[in-house]
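Beneath this line is the structure, given in structure tokens, with notes to follow.
In the working numbering, the protein residues as written are 1 to 296.
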């Protein structure tokens, strides 16, 4: 009987002890709070405890910080990838616009050069755009966007910023067909700018080569000489560049030398040409521009 009674008594005493301790701790806590609130006596102790507790706070907070960093990193990576794709698209678009601007700038330079060259031609001029090129390898011809409606006539001279390009072969209402000076069926009167030697230049079918087939071996011609239009026949303006001599081959036993000329005009690259009206040519003029200059 004593065992159960002893157990109840121990429990009662233990309960009283816990209650006393609880009230004692509460009293001490309230006292410390009161003293700290009024005079801040526990600041140094609190600071010391904060140093001890800080690593624990870091360890507890580390998983949350890690998760937040990983989530933010994934979001940033996704945003960076999207931004990178957007920048690539903008870069391609910008390059496309730059290519267009480069083409427009080149066209502007060509037009300015043509306008500068037209100042040397005292007569009326008109800029025309090349619409199509004949793909036949034996024909050096193209179509321009000017015709009878613009006053274009058969035999009219065509130039670019660097020299003579060709002349009109056929005229329609809004378009015209022109032949390049490099066409094998084309010829025009020229002169050597250095000494005034007159001759005829003919096409070879190659847009980068012309020939002077009627110069004798004793003719005063040399590599580098500038060949210009002589103005004979009244089709092309006098003194306009045709090309530069690049080869002179004097062949013993033959009457004529082999002389090759590189055209001054960009025959295979021009996009715009200049139509020229000279004072002594045109529809109904005394000279007949429908006849191309031919060798005798």
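Here a beta-carbon is modelled for each residue, glycine too, at the ideal position from N, C-alpha and C.
Taking the beta strand (DSSP E) that residue i falls in, what are its first and last residues?
{"i": "residue 247", "result": "241 to 249"}
{"i": "residue 191", "result": "187 to 192"}
{"i": "residue 263", "result": "258 to 263"}
{"i": "residue 209", "result": "No beta strand (DSSP E) contains residue 209, which DSSP labels as neither H nor E."}
{"i": "residue 216", "result": "Per DSSP, residue 216 belongs to no beta strand (DSSP E) and is neither H nor E."}
{"i": "residue 152", "result": "Run containing residue 152: none; DSSP gives neither H nor E here."}
{"i": "residue 235", "result": "Where residue 235 is concerned, there is no enclosing beta strand (DSSP E), given that its DSSP letter is neither H nor E."}
By the three-class DSSP mapping on this structure, what secondary structure does residue i have?
{"i": "residue 85", "result": "helix"}
{"i": "residue 71", "result": "helix"}
{"i": "residue 196", "result": "coil"}
{"i": "residue 171", "result": "strand"}
{"i": "residue 30", "result": "helix"}
{"i": "residue 301", "result": "For the chain, the structure presents residues 1 to 296; residue 301 sits outside this window and is missing."}
{"i": "residue 62", "result": "helix"}
{"i": "residue 144", "result": "strand"}
{"i": "residue 289", "result": "With a pLDDT of 40 at residue 289, under the threshold of 50, the modelled position of this residue cannot be trusted; read the value that follows with caution. Correct three-state label for residue 289: coil."}
{"i": "residue 159", "result": "strand"}
{"i": "residue 222", "result": "coil"}
{"i": "residue 111", "result": "helix"}
{"i": "residue 132", "result": "strand"}
{"i": "residue 55", "result": "helix"}
{"i": "residue 183", "result": "coil"}
{"i": "residue 267", "result": "coil"}
{"i": "residue 94", "result": "helix"}
{"i": "residue 78", "result": "helix"}
{"i": "residue 16", "result": "helix"}
If residue i sits next to residue j, beta carbons under 8 Å apart, how far is it from one beta carbon to the other, in whole angstroms?
{"i": "residue 167", "j": "residue 158", "result": "6 Å"}
{"i": "residue 190", "j": "residue 171", "result": "With a Cβ gap of about 25 Å, residue 190 and residue 171 do not count as contacting."}
{"i": "residue 133", "j": "residue 142", "result": "5 Å"}
{"i": "residue 246", "j": "residue 261", "result": "7 Å"}
{"i": "residue 193", "j": "residue 220", "result": "With a Cβ gap of about 12 Å, residue 193 and residue 220 do not count as contacting."}
{"i": "residue 215", "j": "residue 256", "result": "6 Å"}
{"i": "residue 144", "j": "residue 175", "result": "7 Å"}
Just grab the DSSP bridge partners of residue i for me.
{"i": "residue 229", "result": "190"}
{"i": "residue 124", "result": "277"}
{"i": "residue 177", "result": "143, 170"}
{"i": "residue 272", "result": "129"}
{"i": "residue 25", "result": "DSSP lists no partner for residue 25."}
{"i": "residue 164", "result": "159"}
Chain D beta carbons: is any one of them nearer than 7 Å to that of residue i?
{"i": "residue 188", "result": "Any reference to chain D falls outside this structure, which holds one protein chain only."}
Cβ pair count under 8 Å reaching 3, the stretch 172 to 186 against the stretch 203 to 211: Note that the stretch 172 to 186 touches the stretch 203 to 211; at least 3 beta-carbon pairs, one per stretch, sit closer than 8 Å.
Cβ pair count under 8 Å reaching 3, the stretch 264 to 278 against the stretch 124 to 137: yes
Stretch-stretch touch, CB-based, cutoff 8 Å, three pairs: the stretch 258 to 265 with the stretch 150 to 165: yes
Touch test, the stretch 236 to 245 against the stretch 218 to 228, Cβ-Cβ under 8 Å, three pairs minimum: Segments in contact, yes.
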